[in-house]
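One rule links them: number in this note's numbering = place in the sequence shown (from 1) + 1.
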Amino acid sequence: MTEPFRVRLQLRWGDCDQLGHINNVMYLEYAQEARLRFLRELAGAAAHSIGAIVVRRVEIDFDRSLQYTAEGIDVQVWVLKVGTSSFTLRHRIFDPEGNVYSTVDAIAVAVDLESGTSRPIPDDVRRILAEQILDA
Numbered sequence: 002m003t004e005p006f007r008v009r010l011q012l013r014w015g016d017c018d019q020l021g022h023i024n025n026v027m028y029l030e031y032a033q034e035a036r037l038r039f040l041r042e043l044a045g046a047a048a049h050s051i052g053a054i055v056v057r058r059v060e061i062d063f064d065r066s067l068q069y070t071a072e073g074i075d076v077q078v079w080v081l082k083v084g085t086s087s088f089t090l091r092h093r094i095f096d097p098e099g100n101v102y103s104t105v106d107a108i109a110v111a112v113d114l115e116s117g118t119s120r121p122i123p124d125d126v127r128r129i130l131a132e133q134i135l136d137a
């Protein structure tokens, strides 16, 4: 993969807090929305073979305060690492001019819903994820 997946998201007036900037919790929602779109587009038909995925860990770096803008924001998503039962995604939140506001790393784990334990990522999905690895 040469370029990260990229999606434009619209901000909502209700995303703002009493200080007039986008509340920090919303960054997680933006990352989640972009992640779901990324996985849906990436895995396509193979998405059913992975089964349930849960987010085990999230780390957020806030680079600057994001103000409401009708233009929306862009979120890039790419794979940093693929393991046996988990993978790490990086999300970068920025404005249309390219100013970075936040970087979100999330570790997602494939789980067996009946036992509640991790399970291996199917080979076809692991291969698709591995093709998306970037070091950016």
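Positions of the beta carbon are idealized from the N, C-alpha and C atoms, including for glycine.
Member of the options whose CA lies at the smallest distance from the CA of residue i
| i | options | result |
| --- | --- | --- |
| Gly-117 | Pro-97, Val-55 and Glu-30 | Val-55 |
| Gln-19 | Ala-32, Tyr-102 and Gln-68 | Gln-68 |
| Gln-33 | Glu-115, Thr-104, Pro-123 and Val-83 | Thr-104 |
| Phe-6 | Glu-30, Gly-73 and Leu-40 | Leu-40 |
| Leu-114 | Gly-52, Glu-60 and Glu-98 | Gly-52 |
| Arg-57 | Ser-119, Asp-124, Asp-136 and Ile-129 | Ser-119 |
| Ile-61 | Leu-37, Val-110 and Ile-94 | Ile-94 |
| His-92 | Val-126, Arg-36 and Gly-84 | Arg-36 |
| Pro-97 | Leu-130, Tyr-31 and Gly-73 | Gly-73 |
| Asp-10 | Val-76, His-22 and Leu-130 | Correcting the residue type first, residue 10 is Leu in the shown sequence and not Asp. The candidate whose alpha carbon is nearest that of Leu-10 is Val-76. |
| Arg-13 | Leu-29, Ala-71 and Asn-100 | Ala-71 |
| Leu-130 | Ala-111, Asn-100 and Leu-43 | Leu-43 |
Backbone secondary structure at residue i - three-state DSSP
| i | result |
| --- | --- |
| Gln-133 | coil |
First and last residue of the uninterrupted alpha helix (DSSP H) at residue i
| i | result |
| --- | --- |
| Arg-13 | Counting along the chain, Arg-13 falls outside any alpha helix (DSSP H), and DSSP gives it neither H nor E. |
| Gln-33 | 25-44 |
Cβ distance (whole Å) where residue i is taken to contact residue j below 8 Å
| i | j | result |
| --- | --- | --- |
| Cys-17 | Asn-25 | With a Cβ gap of about 12 Å, Cys-17 and Asn-25 do not count as contacting. |
| Ile-134 | Val-80 | 5 Å |
| Asp-64 | Tyr-102 | 6 Å |
| Arg-127 | Val-83 | 6 Å |
beta-carbon residue i near the ligand PLP non-hydrogen atom, thresh 7 Å
| i | result |
| --- | --- |
| Ala-44 | The ligand PLP is absent from the structure shown, which contains no ligand whatsoever. |
Quiz prompt | Entirely enclosed beta strand (DSSP E) segments - the stretch 48-122, minimum 3 residues | solution = Qualifying beta strand (DSSP E) stretches, in chain order: 53-63, 74-83, 87-95 and 101-113.
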